[in-house]
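Participant: Numbering (the working numbering), first residue to last: 39 to 204.
Written out as structure tokens, the structure is:
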């Protein structure tokens, strides 16, 4: 099953996506991931009382305001903003598949004091359908995709040593 993590990794790095899917998961060793979890837990301490956690096929939305139909997604930094946007659009897509129409998303970057509203447009649904097909094709390949040319965000990736240690 394709999860929201798969979709997010698709927009970040195909190699990371493939490795993650094959059970090679490095997040547990990453200080960056740990810091993100701390920000998620400490930025809005009242959230668990006000909003519900929603589990959907392939996704778990931590903070959903059912009354106003708003998905809240907290992120550490906006370096991967496009991937974050697509993750929220995927949540909205999955909610729509469950009959919940008109939901919107809020990407929240507490350290940056920045919030972005995300909506699901008709063309986004087409992009998601194609993206999910692309992910299935990639994951069916036996060979791991090549690493990206070293990007600035590679250094903070939990797979950095795996990809770049010679």
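Every residue, glycine too, gets a C-beta built ideally from N, C-alpha and C.
What are the boundary residues of the beta strand (DSSP E) that residue 101 is part of?
Facilitator: Taking the first residue of the chain shown as position 1, residue 101 is located at position 63. That run of the beta strand (DSSP E) goes 97 to 103.
Participant: Should the segment 53 to 66 be called in touch with the segment 125 to 144, which here means at least 3 C-beta pairs below 8 Å?
Facilitator: Judged by Cβ distances under 8 Å, the segment 53 to 66 makes no contact with the segment 125 to 144, as fewer than three pairs qualify.
Participant: Can you name, in chain order, every residue of its own chain whose Cβ lies under 7 Å from the Cβ of residue 89, other than the five neighbours on each side?
Facilitator: Translated into the one-based positions of the chain shown, residue 89 becomes position 51. Closer than 7 Å at Cβ, skipping near neighbours: 101, 102, 103, 110.
Participant: Using C-beta distances below 6 Å, list every residue in its chain close to residue 113, excluding the 5 sequence neighbours before and after it, in chain order.
Facilitator: What you label residue 113 is simply residue 75 of the chain shown in a count that begins at 1. Same-chain partners within the cutoff: 122, 147.
Participant: Between residue 92 and residue 127, how many whole angstroms is the CB-CB distance? I'm expecting something under 8 Å.
Facilitator: Here residue 92 is taken as the residue at index 54 of the chain shown, counted from 1. Here residue 127 is taken as the residue at index 89 of the chain shown, counted from 1. The Cβ separation is near 16 Å, so there is no contact.
Participant: Just curious, the beta strand (DSSP E) that residue 90 is in, first and last residue?
Facilitator: Position 52 of the chain shown, counted from the first residue, corresponds to residue 90. That run of the beta strand (DSSP E) goes 90 to 94.
Participant: In the DSSP assignment, find the unbroken beta strand (DSSP E) run with residue 147 in it and report its ends.
Facilitator: The count along the chain shown starts at 1 and reaches residue 147 at position 109. Element bounds for residue 147: 142 to 147.
Participant: Measure the CB-CB distance between residue 239 and residue 143 and report whether it falls below 7 Å.
Facilitator: What the structure shows of the chain is the stretch from 39 to 204, and residue 239 is not part of that stretch, so it cannot be assessed.
Participant: Leaving out five residues before and five after residue 49 in sequence, what residues of the same chain have Cβ atoms less than 7 Å from its Cβ?
Facilitator: Here residue 49 is taken as the residue at index 11 of the chain shown, counted from 1. So the qualifying residues of the chain are 120, 121, 124.
Participant: Is the beta carbon of residue 58 less than 7 Å from the beta carbon of residue 117?
Facilitator: In the chain shown, the residue the question calls residue 58 occupies position 20. In the chain shown, the residue the question calls residue 117 occupies position 79. Cβ atoms of residue 58 and residue 117: not closer than 7 Å.
Participant: What residues are listed by DSSP as bridge partners for residue 40?
Facilitator: Translated into positions along the chain shown, residue 40 becomes position 2. According to DSSP, residue 40 bridges with nothing at all.
Participant: What are the start and end residues of the alpha helix (DSSP H) that includes residue 173?
Facilitator: Looking up residue 173 in the chain shown gives position 135. From DSSP, the alpha helix (DSSP H) with residue 173 extends over 160 to 178.
Participant: Answer with buried or exposed for residue 195, where buried requires no fewer than 16 other C-beta atoms within 10 angstroms of its C-beta.
Facilitator: Counting from 1 along the chain shown, the entry for residue 195 is found at position 157. Buried, since its Cβ has 16 or more Cβ neighbours within 10 Å.
Participant: Taking DSSP's pairing of strands, which residues face residue 152 in a bridge?
Facilitator: As a position in the chain shown, residue 152 is number 114, starting the count at 1. For residue 152, which the question treats as bridged, DSSP gives the partners 147.
Participant: In terms of DSSP beta bridges, what is residue 110 paired with?
Facilitator: For the purposes of this step, residue 110 is taken as the residue at position 72 of the chain shown. In DSSP, residue 110 forms a bridge with 101, 144.
Participant: Buried or exposed: residue 150, going by 16 or more other Cβ atoms within 10 Å of its Cβ?
Facilitator: Looking up residue 150 in the chain shown gives position 112. Residue 150 comes out exposed.
Participant: Given that a residue counts as buried once 16 or more other Cβ atoms are within 10 Å of its Cβ, and exposed if not, what is residue 171?
Facilitator: Position 133 of the chain shown, counting from 1, holds the residue named residue 171. Burial call: exposed.
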